[in-house]
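Data first, discussion second: the structure below is written as C-alpha cells.
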Amino acid sequence: MMNEQQRQEASRIRQGEPSDIKSETDNLERLKQTSSDDFVKYFETTYEPPSLKSAKKRGKEDVEIHYDYTIPEEMQNVGDGQKYMIRTYGCQMNEHDTEVMAGLFEEMGYTSTSDTKEADIILLNTCAIRENAENKVFGELGHLKSLKRENPDLILGVCGCMSQEESVVNRILKKHPFVDMIFGTHNIHRLPHLVKEAMFGKEMVVEVWSKEGDIIENLPRSRKGNIKAWVNIMYGCDKFCTYCIVPYTRGKERSRLPEDVIQEVRHLAAQGYKEVTLLGQNVNAYGKDFDFDYGLGDLMDELRKIDIPRVRFTTSHPRDFDDRLIEVLAKGGNMLDHIHLPVQSGSSAVLKIMARKYTRERYLELVDKIRTAMPNATLTTDIIVGFPNETEEQFEETLSLVEEVGFESAYTFIYSPREGTPAAKMQDNIPMDVKKERLHRLNDLINKQSAETMEKYQGEVVNVLVEGESKNNSEVLAGYTERNKLVNFRGSKSAIGQIVKVKITNTKTWTLDGEMVEEAAEVK
Ligand code: SAH
Ligand code: SF4
Ligand code: F3S
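Okay, so the sequence shown: first residue is 256 according to this note's numbering, each after it adds one.
This is how it looks when you write it as C-alpha cells:
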C-alpha cells in the first residue's frame, strides 16, 4: 500500500506543485509504485485533473543542470543482440526525444528495427495535444496486444506526453495491463534503469515525475540523418494557453545555457551537418529564466558566427518576439527568413479567452515590424477553428487575417478539449459539422495562398539543401529551400547533403519541380 508520505508526495505531484523529491534514488524508491492495484485504487479515489491555479504556482523549485550522465556499467551490454523500435507521435520535440532514447538504447547494445515482429522492445513516444493523437496511441496498443501474446518476452513501453496525464496512466493500468513500462517526459534519461526493472520485475513499471523538470546535458543521441539536426534550447512552457495541455506535460520553461547550445551547434557543424533547428515549445522565451539578460536574439547572434549554412528555430510565440531577435534575423547569413509564428485566431475576443496575451492588432504590428526588417520573410502559422463560442464573424476575422498577413502555409486544427485545461471547462459548443466546414474554408484559402506563392518561383533559381531521393521516385532528388519549400528535381546523387542551385520548371500547391543548374560552391 502507499504510505502517507507517498500519498502526500503523489498528491503534490498531481496538482502540479513542486515536489520535495531531490535525488533520483529517492525518486525511484518513492515513485516505484507499489503495485498496479494500489495505483488504480489511488487514482480512482483521489484523481483530480491538473489545475491551472496550482500549476501556476510553479517556479519554486530550482532547475538543476546535470552534466554527469553515464549509463551504469551493468546496463551497457544488456541489449546485445536485441532490437528496439520507437514509434513517435507529435511534434519535433518528441522526435528529438526519440533520438535521445535511440542513443540510450544503442549505448546499451541494442540495434534499431522498423519491423515490430523483430523488435525485443517497443516504445510508443506519445503526444497528447488533441484527442485524435491519443486515440491513435490507444489503437496502436490494441494492435500490439496480439504481438505481446505471440512473444511474451517483448517489452512494451509508453512514454512521452500522454504518460504525464494521470487519466492516461490510469486507463493503461486498467485496460492495457500487458504494457510493461510507462514513463514520462522528465525522466527519459532513466530509460536504462526502467528497462532493467521491466526485464526483471513482474509488475508494470510506472515512473512519471511531475517535478518541474531538470536539464540533463550530455545524453547520447542517435540522430536521424546527417544533414539536418535538432537542438533543444529550452524545455517546457509557462504560457498556459487555455486550450493547451503542453504546460502540464512538459513542465516549466527552462533554458539550456548558451555555452552548451553553442558547443552542440559547433560540434554539429564540425561533423558536417548543414542545418540546425533550435527547438522549444516556446522557443523565443529562451533565457527568460536566466538571472542574466540574454535572449534568443543574443543566442542567434552567436550562432550566426558558426560555419553552418542554415539555422532555424521553432516554435516562436508572438508575445515573446522581441526587437533584438528581429534585428539579428535581419542580418541574414545563416539566419533564415522563414518564421513560423502561430496566431491561433484572427479574433481578439477569441485570442483573449485562449489567453494568448496579444490581440489581432498587436499580431499585425509584429508582422509589419518583421516585414520592414526582412522584406522577403516567409510567414507560416498554426490556427485552431471551433474554439468554444467562436462565432461565424470571429471565424471570418481569422480568414481575413490569413489574407492580410499572406501566410504561405499553415497547420490548421479543429479545437479538441483537453481534460484539465481551463478551456475544457467551457462548453465545446460548436457542432462538429460547423467546425469541419470552417476548417475546410480555411484550408481552401491557405491552399490558394500557398499555390500563389509557389507560382512566383516559376523560372527562378533557388538554393536547395538536398536531403535524398524523393519518396515516390528514386530518380528524383528532394530538398528544401531556405524558405522551407520542398523541391523535387533531377540531379546527380552526389548532390545529397549539399546545397545546390535548382531552376524551378513547374509549381504545384505545396511543392516545386526543377532542374539542378549547378552544385553551389558557395552558400549565401
Ligand atoms: N508551442 C507552440 C505550439 C504547440 S502545439 C505554440 O504555442 O505555438 C501545436 C499546435 O497545436 C498549436 O499551435 C495549436 O494550434 C494546436 N493545438 C494545441 N492545443 C490544441 C487543442 N486543444 N485543440 C486543437 N489544437 C490544439
Ligand atoms: Fe501550448 Fe504553445 Fe500555448 Fe505553450 S505557448 S500553452 S505550448 S499553445
Ligand atoms: Fe504533442 Fe507533447 Fe509535442 S503533447 S505536440 S508531443 S509537446
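Beta carbons are placed, not taken as given, at the ideal position from N, Cα and C, and that holds for glycine. Keep in mind that this is a model prediction, so the values were computed, not measured.
For residue i, which residues from the same chain have a beta carbon less than 7 Å from its beta carbon, with the 5 sequence-adjacent residues on both sides left out?
i: residue 295; result: For residue 295, the predicted model reports a pLDDT of 42, less than 50, meaning its position is unreliable and no value from the coordinates is stated.
i: residue 477; result: 354, 357, 358, 361
i: residue 629; result: 584, 585, 592
i: residue 479; result: 354
i: residue 590; result: 555, 559, 566, 583, 584
i: residue 300; result: Reliability of the predicted coordinates at residue 300 is poor, the pLDDT of 41 falling under 50, and the value obtained from them is presented with this limitation in mind. Taken in chain order, the list of residues that qualify is empty.
i: residue 625; result: 581, 594, 632
i: residue 597; result: 570, 636, 637
i: residue 471; result: 321, 324, 444
i: residue 562; result: 524
i: residue 760; result: 768, 769, 770
i: residue 515; result: 472
i: residue 743; result: 725, 731, 733, 766, 768
Between the Cα of residue i and those of the options, spot the shortest distance and give me the residue it belongs to.
i: residue 703; options: 677, 654, 735; result: 654
i: residue 669; options: 688, 468, 651, 680; result: 688
i: residue 338; options: 351, 348, 696, 372; result: 372
i: residue 460; options: 469, 468, 450; result: 450
i: residue 593; options: 452, 511, 565; result: 565
i: residue 788; options: 471, 435, 394, 396; result: Because the chain is modelled from 256 through 779, residue 788 falls outside the range shown and cannot be assessed.
i: residue 348; options: 400, 537, 742; result: 537
i: residue 652; options: 767, 679, 599, 523; result: 599
i: residue 397; options: 384, 379, 383; result: 379
i: residue 403; options: 375, 737, 751; result: 375
i: residue 747; options: 723, 681, 501, 758; result: 723
i: residue 365; options: 395, 415, 330, 762; result: 330
i: residue 468; options: 751, 532, 745, 502; result: 502
Excluding five sequence neighbours on each side, which residues of the same chain lie with their C-beta closer than 6 Å to the C-beta of residue i?
i: residue 377; result: 340, 411
i: residue 575; result: 539, 540
i: residue 386; result: 671
i: residue 739; result: 593
i: residue 612; result: 574
What are the residues that DSSP puts in a beta bridge with residue i?
i: residue 340; result: 377
i: residue 414; result: 380
i: residue 483; result: 530
i: residue 510; result: 489
i: residue 367; result: 339
i: residue 664; result: 635
i: residue 682; result: According to DSSP, which records beta bridges pairwise, residue 682 is partnered with nothing at all.
i: residue 471; result: 321
i: residue 768; result: 743, 761
i: residue 462; result: 438
i: residue 563; result: According to DSSP, residue 563 bridges with nothing at all.
i: residue 618; result: Answer is none; residue 618 lacks a bridge partner.
i: residue 735; result: 720, 741
Applying the criterion that 16 or more other CB atoms from any shown protein chain within 10 Å of the CB defines a buried residue, is residue i buried or exposed?
i: residue 518; result: exposed
i: residue 631; result: exposed
i: residue 464; result: buried
i: residue 389; result: buried
i: residue 618; result: buried
i: residue 769; result: buried
i: residue 569; result: buried
i: residue 352; result: buried
i: residue 345; result: buried
i: residue 405; result: exposed
i: residue 441; result: buried
i: residue 645; result: buried
i: residue 336; result: exposed
i: residue 666; result: exposed
i: residue 483; result: buried
i: residue 370; result: exposed
i: residue 577; result: exposed
i: residue 419; result: buried
i: residue 546; result: exposed
i: residue 343; result: buried
i: residue 650; result: buried
i: residue 658; result: exposed
Between which residues of its own chain and residue i is the CB-CB distance below 8 Å, once the five residues before and five after are set aside?
i: residue 726; result: 733
i: residue 610; result: 494, 495, 496, 497, 677
i: residue 691; result: 669
Please confirm if the stretch 654 to 666 is in contact with the stretch 471 to 490, defined as three or more CB-CB distances below 8 Å between the two stretches. no
Flag this pair as touching only if the stretch 550 to 569 and the stretch 525 to 541 have three or more C-beta atom pairs under 8 Å; answer yes or no. yes
Contact the stretch 639 to 657 vs the stretch 683 to 700: 3+ CB pairs below 8 Å: yes
At a cut of 8 Å, does the stretch 503 to 513 reach the stretch 713 to 729 through at least three beta carbon pairs? no
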